[in-house]
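Chemist: Numbered by this note's numbering, the letters in the sequence shown go through residues 4 to 101 in order. Built from N, CA and C at the ideal position, the CB exists for glycine as well.
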Amino acid sequence: MNTNQSDWRIHAACRDTDPDGLFVRGAEQNRAKLVCMGCPVRTECLAEALDNRIDFGVWGGMTERERRALLRRRADVANWRDLLESAKRQYEPAERVS
Numbered sequence: 004m005n006t007n008q009s010d011w012r013i014h015a016a017c018r019d020t021d022p023d024g025l026f027v028r029g030a031e032q033n034r035a036k037l038v039c040m041g042c043p044v045r046t047e048c049l050a051e052a053l054d055n056r057i058d059f060g061v062w063g064g065m066t067e068r069e070r071r072a073l074l075r076r077r078a079d080v081a082n083w084r085d086l087l088e089s090a091k092r093q094y095e096p097a098e099r100v101s
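1) Could you tell me whether the Cβ atoms of Arg84 and Ala50 are closer together than 8 angstroms?
2) Residues in its own chain within less than 6 angstroms of Trp11 by CB, not counting five upstream and five downstream?
3) Given this structure, state the Cα-to-Cα distance separating Asp58 from Pro96, to the nearest angstrom.
4) I'd like to know if the stretch 57-73 and the stretch 31-38 are in contact, where contact means that at least 3 CB-CB pairs between them fall below 8 angstroms.
5) Rounded to a whole number of angstroms, what is the C-alpha to C-alpha distance between Arg56 and Leu87?
6) Looking at the strands, I want to know which residues DSSP matches up with Trp62.
7) Around the Cβ of Arg70, are there at least 16 other Cβ atoms within 10 angstroms (buried) or fewer (exposed)?
8) Reducing DSSP to helix, strand and coil, say where Ala30 ends up.
What follows is the structure, encoded as structure tokens:
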């Protein structure tokens, strides 16, 4: 699926869920992350949160704590969208790549 920065949200698995369910604490975060499994725009969502340093909520299947740890480990990354999209293209099944 090829999406641009402004339209990926309309394809999100969470678009019809209660947004408060993605902004929870503790063990509830694991349930919130289940919404992200299989989401067609998970990569775009995670890139949005990482590039904009979004502090709260589950985005792209990662909690705020997980994202902070990733940002610390990979402080060299200037553009998460480019990095994640490149990795996604590299690992897509051959039949889906045009």
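Modeler: Taking the coordinates as given:
1) Here residue 84 corresponds to residue number 81 of the sequence shown, with the count starting at 1. Here residue 50 corresponds to residue number 47 of the sequence shown, with the count starting at 1. Taking 8 angstroms as the Cβ cut-off, Arg84 and Ala50 qualify as a contacting pair.
2) Residue 11 sits at position 8 when you count from the first residue of the sequence shown. If we look at Trp11 and ignore the five residues flanking it on each side, its Cβ neighbours are Val44 and Glu47.
3) If you number the sequence shown from 1, residue 58 lands on position 55. If you number the sequence shown from 1, residue 96 lands on position 93. Each residue's alpha carbon lies about 33 angstroms from the other.
4) yes
5) Translated into the one-based positions of the sequence shown, residue 56 becomes position 53. Translated into the one-based positions of the sequence shown, residue 87 becomes position 84. When rounded, the distance between both Cα atoms is 15 angstroms.
6) By one-based count along the sequence shown, residue 62 stands at place 59. Bridge partners of Trp62: Met65.
7) For the purposes of this step, residue 70 is taken as residue 67 along the sequence shown, with counting starting at 1. Arg70 comes out buried.
8) Here the question's residue 30 lines up with position 27 in the sequence shown. In this structure, Ala30 counts as coil in the three-state DSSP scheme.
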